[in-house]
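Residue numbers (our numbering): 14 to 301. All C-beta atoms, glycine included, are put in the ideal place defined by N, C-alpha and C. Here the structure is a predicted model, which is why all the values come from computation and not from measurement.
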Ligand code: AMP
Ligand code: MN
Ligand code: MN
Ligand code: MN
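Here is the structure:
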């Protein structure tokens, strides 16, 4: 059986492994087809591709785009993208500007709470120069301001907390268009993690389909059997292909490690059936 993982992070965003280390770990943990999907960045893809070729693993070029939809922040994965795509690069640059401005504002807010040097600290922890809240979270833990991730988000970085800065990310239609311009497949990431009612999530998926979205992450890290059943139901209802991804960030977090995802319900259409390599050579995505 071919093992797929369509959602992972490296040091190009908030993962702790470099792209090469990530690919090596995936290989050792039995993943055959791996997508690197860093937040608003394709900077890790070249290194990941090189290491994948060396180790004989199939790498799918990906990205996880931050989107603002009806005042919710949601994440849209772009899978099997052309990482050189111009419209996508322009979109990414705009999001990086938003990220950098937000990071400065988070730094200021934390300073007002008496926490000095948070911006510089978060930047130091982000070798890819792509500062996320995870980097602030790690800074807060290292400096003893929070016990663990959960506490850092609960006290400082989560919605409504003093270090939370609301920003406008990409629009849903815009993000899907960037992905389509890059000849990729747009997939709604971790649907069970948004704090949405069923009515709202259906509205989101209906809009997503109207924009040309292709898939739903039915199986994701930290998602139990009940959530999987619900996601599968949504994929069927909206005619979306199904994806599976760990959302791996960190080897110390065993809940979302590589190569241990549940399989997709057999009646769903896997998103990888839509990938270019798949149509070109059906065996290209299999075990190599
Ligand atoms: P950002 O895109 O910079 O707002 O950062 C979002 C990232 O923060 C997510 O991709 C997660 O990796 C992490 N994150 C968000 N909420 C939590 C949480 N409650 N606990 C731990 N990590 C979180
Ligand atoms: Mn993350
Ligand atoms: Mn996400
Ligand atoms: Mn992710």
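* Is it the case that the CB of residue 203 approaches a heavy atom of ligand 3 more closely than 7 Å? -> yes
* Comparing the CB of residue 52 with every heavy atom of ligand 2, is any distance shorter than 7 Å? -> Shortest gap from the CB of residue 52 to any heavy atom of ligand 2: under 7 Å.
* Contact belief for residue 222 with residue 255 at Cβ below 8 Å, rounded distance in angstroms -> About 14 Å separates the CB atoms of residue 222 and residue 255; that is not less than 8 Å, and the two are not in contact.
* To do: Report yes or no: do three or more beta-carbon pairs, one from the region 257-269 and one from the region 209-228, lie closer than 8 Å?
  => no
* Asked: Should residue 15 be counted as a contact of ligand 1 given a C-beta to heavy atom distance under 7 Å?
  -> no
* Look up residue 18 in the DSSP assignment and say whether it is helix, strand or coil. => strand
* Ignoring anything shorter than 3 residues or poking outside the region 209-288, list the beta strand (DSSP E) runs there in chain order. => 228-233 and 254-258
* To do: Using DSSP bridges, identify the partner residues of residue 11.
  => The shown model of the chain, from 14 to 301, leaves out residue 11, and the question about it has no answer.
* To do: Closer than 6 Å by C-beta to residue 275: which residues in its own chain qualify, once you throw out the five before and the five after it? Chain order, please.
  => 232
* Which parts of the region 142-182 are runs of the alpha helix (DSSP H), unbroken and 4 residues or longer, counting only runs that do not cross its ends? -> 146-155 and 162-165
* **With 16 other Cβ atoms within 10 Å as the buried cut-off, status of residue 80** => buried
* Taking 7 Å as the cut-off, is the CB of residue 64 close to at least one heavy atom of ligand 3? -> No, the Cβ of residue 64 stays beyond 7 Å of every heavy atom of ligand 3.
* Starting from residue 188, trace the alpha helix (DSSP H) both ways and give me its first and last residue. => Residues 185-194.
* Asked: In chain order, what residues of the same chain have a beta carbon less than 7 Å from the beta carbon of residue 170, not counting five sequence neighbours either side?
  -> 146, 149, 150, 176 and 177
* **Which of helix, strand or coil DSSP assigns to residue 203** => It is coil, neither helix nor strand.
* Closer than 7 Å: is that where the CB of residue 41 sits relative to any heavy atom of ligand 4? -> no
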